[in-house]
Amino acid sequence: MVSNVFLGLAVLALLVPVGENRKPLGEHWRATGNAIRAAGGPLLVALGAYVLWLVAPILASYDPRTSLQGAGELFNLTTLPLGLALVRGERAVRRLVDSLVGVGAVLAVAGLTQYLFGYGDLQRRIRGPFSHYMTFSGFLLLCDLLLIASMVFGPKERPAADPKATATGWRAVFGFLGVLSQSRTPWRWFALVTINAGLLGSYTRNAWLALAVAVTAVILIRAPRLLLAYLPAGVLFVWLAPTPILSRVLSIADLSDSSNYDRLCMASAGGRMIAERPWFGIGPEMVERRYVLYRHPTAPRYQVPHLHDNLIQLAAERGLPALAAYLGLMGAAAWCALAGLRQEGGRRGPRADLWLGVLLALLAFNVAGLFENNWGDTEVQRPVLFLLALPFCLARREEGEPAGGRLYSGGSEVP
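The sequence shown runs 80 to 494 under our numbering.
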């Protein structure tokens, strides 16, 4: 509710000219539209296709009146053009990323305090201020990857002429750990501990798996030899991990687990929905209502709120064009971030932490989305929409900012 109010106020601030140099309303709207188009052309094409294939499946739905409820997502999608219009340059991007991580740390603390009130097991998982533990873990996952990228690849944490940057063997491993130890901001360490403790305490396996994949990508980029530590680390984890955590981890690949098998049944039902209506789907908000018609006979549940998979859910609800538009959104942002990273010198570039932060967060989000409909979760979708806009915002220089950006963090600039 609070986020809806703030998003509404931001939309009004964008639409209504304010300040001393106010322009006529029509001229202000034209200027705003031009700024948004100039900032993220490829992204807006994908967004336009996504919006089109939100409206069309509503009209073609088995029950258009019910599917009309899905049009509420249009308000959520304004987050992306808002980001393109209002955020410009490295200074603004860094401030917003740090703010997002800070909010994640506060929410993680709120979740951890729930251990004092009877939460903490599979029946009553910690969820912070959110209504569901999946939302809690989904939001923390994004914050965690942005934070990890800033600590591993950030300009202040990594001296420009680090002799260990090209080290091999175990020197590379200790060099990687040394990078983390050079952080000048203790609040990042606090955020790292609390956010990951919150993720662990949520018992959310899709978030754990996504984090493991993203951290593996970080190690491959920064210190590949550290992968040699995976086997002893795994043995140590099995030996020391609390039984509930270990049992939860081991259940990830257990097909006899009812939750895992149920996801396979949902995927099967989703496949039949897509095969029946590949172009427009069965309609937004219709999966829950019609699932029983497509349900596998051995599925553990008769009713499900969604199909627990972003890709299958989108294709089943709205058709394959909607899925293509979603992939276009992700691809446009990832391509822009990758291009910026390469142009500025790869992981040693001055803004590598921001480019890689976007790539890692989107990677983790989509890995988790293979097992949970996190794109359909408003509180998770909004920060993801900001992340989609971030590479294009970062590519736009502030007035007076040199090409390649300036190193800015915590209120000071690094020449």
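Note that CB positions come from ideal geometry on N, CA and C, so glycine has one too. The structure presented is a predicted model; accordingly, all values stated were derived computationally and were not measured.
- Assignment of Leu402 by DSSP, reduced to helix, strand and coil, places it in the helix class.
- In this structure, the straight-line span from the alpha carbon of Leu123 to that of Val328 is close to 39 Å.
- Distance from the Cα of Leu473 is smallest, within the candidate group Val176, Leu219, Pro265, for Val176.
- The residue among Gly455, Trp287, Leu310, Leu271 with its C-alpha nearest the C-alpha of Gly183 is Leu271.
- A residue is called buried when at least 16 other Cβ atoms come within 10 angstroms of its Cβ; Thr214 meets this threshold and is buried.
- Under the three-pair Cβ rule at 8 Å, the segment 334 to 351 counts as touching the segment 373 to 391.
- One alpha carbon belongs to Pro321, the other to Val446, and they sit about 25 Å apart.
- DSSP places Asn452 in the coil class of the three-state scheme, outside both helix and strand.
- Residue environment: Ser338 is assigned as exposed (fewer than 16 neighbouring CB atoms within 10 Å of its CB, all protein chains considered).
- Annotated three-state conformation of Glu364 is coil, per DSSP.
- By the Cβ neighbour-count rule, Ala293 is buried, with 16 or more other Cβ atoms within 10 Å of its own.
- Each of Leu399, Glu396, Gln392, Trp434 was checked against the Cα of Ala412, and the nearest Cα belongs to Trp434.
- The beta-carbon distance between Leu386 and Asn452, rounded to whole angstroms, is 7 Å. This is short enough to meet the 8 Å contact definition.
- Counting other Cβ atoms within 10 Å of its Cβ, Glu355 stays below 16 and is therefore classed as exposed.
- According to the DSSP assignment, Leu279 belongs to the alpha helix (DSSP H) that extends over 265 to 280.
- Listed in chain order, the non-local C-beta contacts of Ala296 below 7 Å within the same chain comprise Leu439, Leu442, local neighbours out to five positions each way being set aside.
- For the pair Arg167 and Arg475, the CB atoms are nearer than the 7 Å cut-off.
- By the neighbour-count definition (other C-beta atoms within 10 Å, threshold 16), Glu367 is an exposed residue.
- Secondary structure at Tyr340: helix, using DSSP grouped into helix, strand and coil.
- Contact between Gly428 and Ser229 is absent: CB atoms are separated by about 14 Å, not below the 8 Å threshold.
- It is roughly 17 Å from the alpha-carbon of Gly217 to the alpha-carbon of Gln392.
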